[in-house]
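Engineer: This structure is in C-alpha cells; I'll ask about it shortly.
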Amino acid sequence: MVDYASTYHVMVRVKDAKAKTLAAAVRDYWIAWAGPPRTFSLDLDSGFKNVFEDMCYDIGAYMSHSAGTAHWQHGLVERRNAVWKDIWDRLVESEAVTESEVAWAMAEVSNAKNQLRNKDGYSPRQLPGDVVDGANDLSALSSFSIDSKLQRQNAIRQAARIAFLQVQTSEAVQRAVAHKSRVRKYNFEPGDLVYVFRERRPTVKGKRAQKQWLGPCTVVGTEDQNFWVSEGGRCLLCAPEHLRPAEASEISELLKIKAAMGDIQALIDEDKKLGVGFAPNESVDIPKGMGNEEAAPKEVFHDNRTAVGCLSWVAKETRPDLAFAANVAQSRQNAPSIRDIKVTNAAVKQAREYQDFGVMVARIPIKDMSIVVYHDAAWRNVDLEDEDLGDVTGHKVGSQLGYLIIGKRPGAASLLAWRSHTCRRVCRSTFAGETMACCEGMECAIQMRAQLLSLKLRRLVSEDEAARMIPVHAVTDCRSLFDFVHRCGAPKATADKRLVIDLASLRQIFLNEARGWWHRERGTDKPAVGDPLKIPLHWVPSECQLGDVLTKQLKPEAWCWWKVILAPFFLAVHVHNRL
Numbered sequence: 001m002v003d004y005a006s007t008y009h010v011m012v013r014v015k016d017a018k019a020k021t022l023a024a025a026v027r028d029y030w031i032a033w034a035g036p037p038r039t040f041s042l043d044l045d046s047g048f049k050n051v052f053e054d055m056c057y058d059i060g061a062y063m064s065h066s067a068g069t070a071h072w073q074h075g076l077v078e079r080r081n082a083v084w085k086d087i088w089d090r091l092v093e094s095e096a097v098t099e100s101e102v103a104w105a106m107a108e109v110s111n112a113k114n115q116l117r118n119k120d121g122y123s124p125r126q127l128p129g130d131v132v133d134g135a136n137d138l139s140a141l142s143s144f145s146i147d148s149k150l151q152r153q154n155a156i157r158q159a160a161r162i163a164f165l166q167v168q169t170s171e172a173v174q175r176a177v178a179h180k181s182r183v184r185k186y187n188f189e190p191g192d193l194v195y196v197f198r199e200r201r202p203t204v205k206g207k208r209a210q211k212q213w214l215g216p217c218t219v220v221g222t223e224d225q226n227f228w229v230s231e232g233g234r235c236l237l238c239a240p241e242h243l244r245p246a247e248a249s250e251i252s253e254l255l256k257i258k259a260a261m262g263d264i265q266a267l268i269d270e271d272k273k274l275g276v277g278f279a280p281n282e283s284v285d286i287p288k289g290m291g292n293e294e295a296a297p298k299e300v301f302h303d304n305r306t307a308v309g310c311l312s313w314v315a316k317e318t319r320p321d322l323a324f325a326a327n328v329a330q331s332r333q334n335a336p337s338i339r340d341i342k343v344t345n346a347a348v349k350q351a352r353e354y355q356d357f358g359v360m361v362a363r364i365p366i367k368d369m370s371i372v373v374y375h376d377a378a379w380r381n382v383d384l385e386d387e388d389l390g391d392v393t394g395h396k397v398g399s400q401l402g403y404l405i406i407g408k409r410p411g412a413a414s415l416l417a418w419r420s421h422t423c424r425r426v427c428r429s430t431f432a433g434e435t436m437a438c439c440e441g442m443e444c445a446i447q448m449r450a451q452l453l454s455l456k457l458r459r460l461v462s463e464d465e466a467a468r469m470i471p472v473h474a475v476t477d478c479r480s481l482f483d484f485v486h487r488c489g490a491p492k493a494t495a496d497k498r499l500v501i502d503l504a505s506l507r508q509i510f511l512n513e514a515r516g517w518w519h520r521e522r523g524t525d526k527p528a529v530g531d532p533l534k535i536p537l538h539w540v541p542s543e544c545q546l547g548d549v550l551t552k553q554l555k556p557e558a559w560c561w562w563k564v565i566l567a568p569f570f571l572a573v574h575v576h577n578r579l
C-alpha cells in the first residue's frame, strides 16, 4: 500500500489474495491509523471485488482501476513495490534472514524506505506528520548492547538501510527516471472500430505468453484515460496504448465474412440443446381452417412462445414501438388462441418492416441536458394478470401504462428508457390511470438522473441539488391531471380515495422540480403571486403524445412516430417572459 501524496509505503504479509483477506489487511494496517483514503488505485484482480468493494462503499472511497495488462497506469505503486522487493532481496542475501525473522525484516525494509527516501525535501514518514517516528534512534546501540536478539535486529535494520541506498543508485532505477512518457497517437470516439493488444496466457506451463491483436472491437465509452470496448459481446477496459484503428484490409475481410453469413444463418438461429430454432424475423405458421377463438395447437404454441420471446427482447433493447404488442403477447402466451397468434405475427411483421430504425444516442453535455417524460395510460383495453377478475366482469378491466424518458437539449434528443405494462390495480377512471403512469415515469426519470449525476460527480447527489442541475419535464394529454397539478392552493379531494397518496406524491415531486428549475433560471429571486413557480407538467394534444405507442396498438407510420423520435425537435416552455 502506497500513499500517492507522500509515497509512504506499508507492506503486509497475507495468507492469500482473497477479497476478504485483502479488505481486512487494508482495514487493520492502513485505515486503522491513517483513516479511509479518498480513492483506491487498483488493478483488475479478483481480490478487489465483492467484500473489498463493499468495504470501499461503506467508507465512501472511490475505486479507480487500471486497464488490463496496462500496469504502468499505476506506475507509482508498481515502481515502489519493485524497489521494496529489490531492497528485500539484497537484505535476505546479505543477512540470511530466517523464517522467524521475516516479520521484523519486512518492518525494517519499510522503515528504511520510508525514512531515507527524500521527496521534496522530506522523507515519506515525515510528510504524514511523524505518525510512526520513534523518540530515539536505536541503530547506534547495536555495539553497546549485550542482548544478541537486539544486536540481530539492529543488524537487519542497518542492512536494510544500506540495501535501500544501493537500490537508489542502481542502473535500472536511473533508466526508469530518465524514461520518456508515452504519447497518445489516436483519439478514439464511441463507435470506432479498433483492435486491442493482449497477451494470452499459455496453455502449457513453461511457454511464453502469446501476443496478439483482438478484433475488430467497437469503442463504447471512456473511463478517465482508458477506453471501454466491446469484443464479441464482452466489454474490455483497455489502455489507449493498447488500441490501434482497424485497417481497411481488415474491414474488407470482415465484410466478406458478413456476405457469407446468409448461408449459415439457420445454424446460428438453431438452439444448441434442442437442435431446432426459430429466426426472430419469421412468422408463426397457422394451420388452415382454424377459427380465431380456437386454442392454438401444440406445435404452434411452442413457436409462438419463441416468437414472443424474440419480440420481448427486441422491444426491451431498441424498439419501443413494439413494447405494447410484446407485453400483450406475453400475457396471453400461456393459453393463446388463433387470434393471439395472428396478433403476434402482425408484431413480427412490424418488427421486420422497421428493422432499420432504432435508438440513436446523441452527445448531450450535462450542463445543457434536460429530461422529458412522455407518459400515457389506456383505460380498460387489456386483460389483468388475475384471470378471476376478468371472469367476474366479463369484460376487459386492465389498464395499460407506459412512459418514454428522453434526454435532450434544443435540437438533439436521446431516447433513454421506456416501459409498457399492465397496471396491477384496477383503475376506476382514465384520470387514475394517467396519474399512476405519471408517477412511474417521474420516479424512473429522477432515479436515472441521480445515477447519472452520481457517476459523473463521484458522490451522492441529493434530489434538491439534482433538480437544479438537470431539470425534468413531464408531458401529458390528460387535461384533468394537468389542471389538478397546476391548481393553486389546497387541491380538491378526488372521488377515488386511493389516488390521494399518488396525487400528493406527484405534487411534491413537481414542486421540488419547480424549485430547482427556478433556482437554475432565476437564482436567488423569490417567487411572488404575479410570478409563481412554474410546474414542469405540460399538456399536449393526443396526436402529439409520443407515449401513445406504448399503450395502444398503433402502427408507427400512422403519424411517423420514428421520424419524430429521430428528428430534432423541441418542447416549447415559457420561462420568465421568454420561451
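In this text, residue positions in the sequence shown follow full-length UniProt numbering: the first is 1, and each later residue adds one. Glycine included, C-beta positions come from ideal geometry on N, C-alpha and C.
#1: Mind checking VAL461: buried by the 16 CB within 10 Å criterion, or exposed?
#2: Does GLU247 come out as helix, strand or coil in the three-state DSSP assignment?
#3: Counting Cβ pairs closer than 8 angstroms, one from the region 468–480 and one from the region 429–443, do we hit at least three?
#4: Beta-carbon within less than 7 angstroms of VAL359's beta-carbon, same chain only, minus the 5 sequence neighbours each way: which residues are those?
#5: Relative to the C-alpha of SER283, which residue among ARG244, ASP340, GLY523 and THR435 is closest?
#6: How about LEU481 and GLU513: do their beta carbons lie closer than 9 angstroms?
#7: What are the boundary residues of the beta strand (DSSP E) that PHE48 is part of?
#8: Quick one: using the 10 Å Cβ neighbour count with 16 as the cut-off for buried, is GLN333 buried or exposed?
#9: How about GLN400 and ALA378: are their beta carbons less than 9 angstroms apart?
#10: What span of residues does the alpha helix (DSSP H) with ASN114 cover, start to end?
#11: For VAL229, name the three-state secondary structure that DSSP assigns.
#12: ASP376 by DSSP, collapsed to three states: which one?
#13: Have a look at VAL196 and SER64 and give me their C-alpha separation to the nearest angstrom.
#14: Please confirm whether THR218 and GLY191 have their CB atoms less than 9 angstroms apart.
#15: Starting from SER414, trace the beta strand (DSSP E) in both directions and tell me its first and last residue.
#16: What is the DSSP secondary structure of TYR8, reduced to helix, strand or coil?
#17: Can the beta-carbon of ALA246 be found closer than 9 angstroms to that of LEU311?
#18: Verify whether the separation of the beta carbon atoms of TYR374 and GLN553 is less than 9 angstroms.
#19: CB-CB under 6 angstroms to ALA67, same chain, minus the five flanking residues each way: which ones, in chain order?
#20: Ignore the nearest five residues each way along the sequence and tell me which others in ALA24's own chain have a CB closer than 6 angstroms to its CB.
#21: How is the beta strand (DSSP E) around THR222 delimited, first residue to last?
#22: Between CYS438, LYS85, ALA17 and VAL314, which has its C-alpha nearest SER505's C-alpha?
#23: Grouping DSSP H, G and I as helix and E and B as strand, with all else coil, what is THR21?
#24: Exposed or buried, what is HIS486 when buried is set at 16 or more other beta-carbons lying within 10 Å of its beta-carbon?
#25: Distance, Cα to Cα, LEU452 vs ILE371?
Structural biologist: Reading from the atomic positions:
#1: Indexing the sequence shown from 1 puts residue 461 at position 461. Classification of VAL461: buried, given that the 10 Å Cβ count is 16 or more.
#2: What you label residue 247 is simply residue 247 of the sequence shown in a count that begins at 1. Correct three-state label for GLU247: coil.
#3: yes
#4: Mapped onto the sequence shown, residue 359 falls at position 359. Within the same chain, VAL359 has close Cβ partners THR318 and LEU415.
#5: Start at 1 with the first residue of the sequence shown, and residue 283 comes out as number 283. From the listed residues ARG244, ASP340, GLY523 and THR435, the smallest Cα separation to SER283 is found for ASP340.
#6: Your numbering for residue 481 matches position 481 in the sequence shown. Your numbering for residue 513 matches position 513 in the sequence shown. Here LEU481 is not near GLU513, since their CB atoms are 9 angstroms or more apart.
#7: As a first step, residue 48 is located in the sequence shown; it is residue number 48 there, counting from the start. Segment: none, PHE48 is in no beta strand (DSSP E) and carries neither H nor E.
#8: The count along the sequence shown starts at 1 and reaches residue 333 at position 333. When all chains shown are included, GLN333 counts as buried.
#9: By 1-based counting over the sequence shown, the position of residue 400 is 400. By 1-based counting over the sequence shown, the position of residue 378 is 378. Their beta carbons are under 9 angstroms apart, which means GLN400 touches ALA378 by this criterion.
#10: Translated into positions along the sequence shown, residue 114 becomes position 114. Boundaries of the alpha helix (DSSP H) harbouring ASN114: 102–116, taken from the DSSP string.
#11: Position 229 of the sequence shown, counted from the first residue, corresponds to residue 229. In the structure shown, VAL229 sits in a strand (DSSP, three-state: E or B).
#12: Along the sequence shown, one-based indexing puts residue 376 at 376. Strand.
#13: The residue given as residue 196 occupies position 196 in the sequence shown. The residue given as residue 64 occupies position 64 in the sequence shown. VAL196 and SER64: Cα-Cα distance of roughly 21 angstroms.
#14: Residue 218 sits at position 218 when you count from the first residue of the sequence shown. Residue 191 sits at position 191 when you count from the first residue of the sequence shown. At a Cβ-Cβ threshold of 9 angstroms, THR218 and GLY191 count as neighbours.
#15: Within the sequence shown, numbered from 1, the residue matching residue 414 stands at position 414. SER414 -> beta strand (DSSP E) spans 413–422.
#16: The residue you call residue 8 lines up with position 8 of the sequence shown. Residue state, collapsed to three classes: coil.
#17: As a working mapping, residue 246 is identified with position 246 in the sequence shown. As a working mapping, residue 311 is identified with position 311 in the sequence shown. It is not a contact, given that the beta carbons lie outside the stated cut-off.
#18: Numbered from its first residue, the sequence shown carries residue 374 at position 374. Numbered from its first residue, the sequence shown carries residue 553 at position 553. Contact flag unset, no.
#19: As a first step, residue 67 must be located in the sequence shown, where it is residue number 67. Closer than 6 angstroms at Cβ, skipping near neighbours: ASN226, LEU237, CYS238 and ALA239.
#20: As a working mapping, residue 24 is identified with position 24 in the sequence shown. Cβ within range, chain order: n/a, list empty.
#21: Position 222 of the sequence shown, counted from the first residue, corresponds to residue 222. First-last of the beta strand (DSSP E) with THR222: 210–223.
#22: Taking the sequence shown and counting its residues from 1, one reaches residue 505 at position 505. Comparing Cα positions, the closest option is CYS438.
#23: Within the sequence shown, the letter at position 21 stands for residue 21. Helix at THR21.
#24: The residue you call residue 486 lines up with position 486 of the sequence shown. So HIS486 ends up on the exposed side.
#25: Here residue 452 refers to the residue found at position 452 of the sequence shown. Here residue 371 refers to the residue found at position 371 of the sequence shown. Going from the Cα of LEU452 to the Cα of ILE371 covers about 12 angstroms.
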